[in-house]
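Residue numbers (our numbering), protein chains in the order written: chain H, 13 to 481; chain L, 110 to 704.
Just so you know, even glycine gets a beta-carbon here, dropped at the ideal spot from N, CA and C.
Let me begin by presenting the structure, written as structure tokens, before commenting on it.
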Ligand SMILES: Nc1ncnc2c1ncn2[C@@H]1O[C@H](COP(=O)(O)OP(=O)(O)OP(=O)(O)O)[C@@H](O)[C@H]1O
Ligand SMILES: [Mg+2]
């Protein structure tokens, strides 16, 4: 083992390369998490990070991947630094690679600060609980699974489902009612195609919003290990914009499945004992260090709202990536293949969806006094409709009572009129709730047991007609 | 802290640090690592090499940095000032840390768990010259309006009291008594420390005879938990574990509540802290925080502190139990604790058992749950206290056959099984009435029967009704609803009413979130009476449609939102109306028959 004071200047040789990892001899003074420069056989410099170090060996994860490296002609240099991201307001409007280098031909930014990409945990006691309603203009979200400022709400999707369309609709339409300033967007792409990135970028351009967007892009053909870094760079940027520049930031992370695959790859190279379905046992904790970086700090103006997007292998919600994500995030919006096939957009079956923070951001002075109960009743009616539909499928219409038939009618119209809307239809919350009422009026009033009589009297179309007529 | 051994860092991998030259160290001793003074616990010793799990991030720590042993295991401070606090998994006060160091928890921040400067009014209850043993009362401090804090002789101390201070204001650092022990004179303070991994002793385990009432109808009537018992609440994401535990933390009839947020969400903790700081215990008209302690180690805090958090929490509980209190401990979620255990075990390269969990998962769970119970406390005086543990389990994929669930269910006597299907249709609490159980029903029967004679019978009737409905549903799915007569249809209707009007309980409704036990009982009785009357009426030739359009039916649906003060009267009135309306229907039916 060598020992030198200024390891930063000296190069060390590599002993072994395994998967995305370099193993090299150890040096006194190497620190855990330290940034390492890797000098490739072609003379390029790449970046790595120490993920295990002992007297015998130091393990380095190379963000650009190890292809093209070999044991003889590769050398490493320790920098003594942990990973920091230079940040400034000039990042707005810019596009960076997945490891934070300019990717739009523009110059390096002139940093106002260097921030540790592994942010310290927000003290739970210092958090302010989210309570502001974000109107996305999408009924099934606003009405039934309301998104709040500072929430983390993922879109769980499947390959070929229109999550891009939905995400871009949300980005375009999202606004905090009563606030002038719109969202600042931090967009992180992990392992998606150039076309997909272009789709989003064109959309931002069309919105004229590019000056409020920061993009970090790791494409499908880019090194997989870089994906470990990309969301952390995006979130560091978001925190800077939110907590130092007082902006409301919406972070889009797409596709978290690719992130998890990279995590699995490193774990396999380290020969760790795998957890469920081959993913590392610490994936919950690791994902938490990403998703928990959302919220609002008491006494501060800005906020970080997160919308991670992931494609579920086999559309399986119990797959570890979707499962652990939903165990950490504050709800989930799930895209449904069956509905997509039936031509419904957005194809969201509300039943398995959830916004855990919803109750705090709706009601009088926020949305409307009937919102919560209306939403509960719509949920009940829709799930009742589904049960009736199941019965009808097995034993035919003859098995249905009169009320059953009304629920069936409700179900059909609910999907057609409430859930369905077009890609550029921006419904305000009043409209969303009113559609809900007009559909509930299909059912006998005695069925509306989840709504207080006073609220029924105030909002039910039946009484409205009476009072106006 | 007396810093003894000095070793050097020889490996760093995540929060696991290996140090050599650690001769003289002991297992579970705390160590301070490196210049940053990162605190960790020694979890393996081989020769003079120690593996230390750090409670904080190790980024930037260098090979060759120094390691100091402290000679002490991870311990908590026990004394006045605990109630109302929010600690992290190793008892750092998050309020103080936020006020002193800002909103982010930076590495190396330190603050004592208990305020050193605050004065407490101490009233002595002990006399000089008395031979005292562990658990004996030295005096009393009124910690909060609700908690008379018994200052007791620490469990491992005993001897003749040589000195005791007079009534007055003291800080936790002021000596208040001296005891001559076998090892010499020992000074005692308002505070003492206790290692979290060692259960505090008690004199005897006592049988469980009292329910811990929750104010939740499905729990109190179908699946009650006993004071001193263990309940597991299990369910996939979003099925309502946290809401149930939080609701119980508000309403449960315990003296002290310890809420452990173990590896869960930061916003959720913020929510519960905010809500609790505003709420009152209505029956006592005192702030909720005056009986509550939080241990909050959220998911992105170091996992090692997460692993420690449940021990920190249960040790605090034992301390108040020793004073004679009934303590409820909520742990959300024990699955995150088990995952921390798995990760630690993986780093130690131990042989993995089922799903990668260490083979000792079962024994660790058993050791933890053994700290629950209804006990006779230590001390010369007769005192009883209890610890009830209510633990959330978050099974991967919502599949109950995984190791944490199965191993816990061997120990827990109450199982609240949460159901995706119910949660998806927003039926909360989503406790599945077929899968859940309480093995305490039998033990608690005398208590319930004392309150209401036919308690048991009603509860059984209700559950039978749900069973019948389920069976009937299966038949209908096969052959259709056409063949059903009114009698059978009435089973559907009655079951639906039971679910909607009784089992469904909105945790966020100002009235409905808490249902006192007598209201629960009366609601159930009224609902079942409606069902009975329905059957009789059908037998007398009344059509079900007519029965369902009775105005009392609608009133039944509103029973739960009637405030408890007005409830009895409203319920009596409703029963009266019900009698009348049914009588009328029956007489009409028999009238039309005779013509
Ligand atoms: N008793 C209840 N009354 C009303 N709403 C409820 C109730 N229980 C749960 N909910 C609703 O369900 C949502 C999810 O509940 P909760 O957060 O308790 O789930 P969980 O089981 O703890 O999930 P996770 O394991 O992901 O933490 C809540 O945000 C709330 O909207
Ligand atoms: Mg929870």
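Within the segment 42-71 of chain H, those residues whose Cβ lies closer than 7 angstroms to any Cβ of chain L are, in chain order, 42, 43, 44, 45, 64, 65, 66 and 67. Within its own chain, the residues whose Cβ lies closer than 8 angstroms to the Cβ of residue 440 (chain H), once the five positions on either side in sequence are excluded, are 147 and 149, listed in chain order. When distances are taken from the beta-carbon of residue 310 (chain H) to the heavy atoms of ligand 2, even the shortest one reaches 8 angstroms or more. For residue 474 (chain H), the three-state secondary structure derived from DSSP is helix. The contact set of residue 284 (chain H) on chain L, defined by CB atoms closer than 8 angstroms, consists of 455 in chain order. Taking 9 angstroms as the CB threshold, residue 167 (chain L) lines the interface with chain H. Among the residues of the segment 192-212 of chain L, those with a Cβ less than 7 angstroms away from any Cβ of chain H are 195, 203, 204, 206, 207 and 212, in the order of the chain.
Scanning its chain for C-beta atoms nearer than 8 angstroms, with the 5 sequence neighbours on each side dropped, one finds around residue 684 (chain L) the residues 635 and 638, in chain order. Taking CB atoms only, residue 441 (chain H) has no neighbour in chain L less than 9 angstroms away. As a beta-bridge residue in DSSP terms, residue 233 (chain L) pairs with L:248. When DSSP states are grouped into helix, strand and coil, residue 565 (chain L) belongs to the helix group. Collapsing the DSSP output to three states places residue 82 (chain H) in coil. For residue 150 (chain L), the enclosing beta strand (DSSP E) starts and ends at 147-155. Residue 686 (chain L) and residue 661 (chain L) have their alpha carbons spaced roughly 7 angstroms apart.
Excluding the 5 residues flanking it on each side, residue 315 (chain L) has same chain C-beta neighbours closer than 7 angstroms at 483, 484, 485 and 493, in chain order. Looking at the DSSP output, residue 368 (chain L) shares a beta bridge with L:403 and L:439. No Cβ-Cβ contact shorter than 9 angstroms links residue 200 (chain H) with residue 275 (chain H).
Ligand 2 approaches residue 374 (chain L) closely enough that one of its heavy atoms is under 8 angstroms from the residue's Cβ. Annotation: residue 83 (chain H) to residue 37 (chain H) spans about 12 angstroms, alpha carbon to alpha carbon. Exclusion of the five residues before and after residue 296 (chain L) leaves 284 and 287 as the residues of its chain whose Cβ lies within less than 6 angstroms of its Cβ. In this structure, residue 557 (chain L) has its beta carbon at no less than 8 angstroms from each heavy atom of ligand 1. For residue 594 (chain L), the closest C-alpha among the options L:564, L:652 and L:551 is that of L:652. Of all residues in the segment 223-254 of chain H, none places a beta-carbon less than 8 angstroms from a beta-carbon of chain L. Note that the C-beta distance between residue 146 (chain L) and residue 243 (chain L) is not below 9 angstroms.
DSSP links residue 521 (chain L) through a beta bridge to no other residue. Fewer than three beta-carbon pairs drawn from the segment 337-346 of chain L and the segment 579-593 of chain L are found closer than 8 angstroms, and the two stretches are therefore not classed as touching. Straight-line measurement puts the Cα of residue 76 (chain H) at about 58 angstroms from the Cα of residue 299 (chain L). The bridge partners DSSP lists for residue 265 (chain L) come to none.
Of the heavy atoms belonging to ligand 1, at least one sits nearer than 8 angstroms to the Cβ of residue 353 (chain L). Taking the Cα of residue 155 (chain H) as reference, the smallest distance to any Cα among H:453, H:370, H:406 and H:420 is reached at H:370. Note that the C-beta distance between residue 250 (chain L) and residue 202 (chain L) is not below 9 angstroms. Every unbroken stretch of the alpha helix (DSSP H) spanning 4 or more residues and falling wholly within the segment 200-286 of chain H is given here in chain order: 206-219, 242-251 and 268-281. When C-beta distances to chain H are compared with 7 angstroms, the residues of the segment 343-369 of chain L below that value are 346 and 347, in chain order. Taking a C-beta cut-off of 9 angstroms against chain H, the contacting residues of the segment 534-552 of chain L are 534, 535 and 536, listed in chain order.
Residue 476 (chain H) has its CB no nearer than 8 angstroms to any heavy atom of ligand 1. When the alpha-carbon of residue 134 (chain H) is set against those of H:230, H:68, H:302 and H:206, the nearest one is in H:302.
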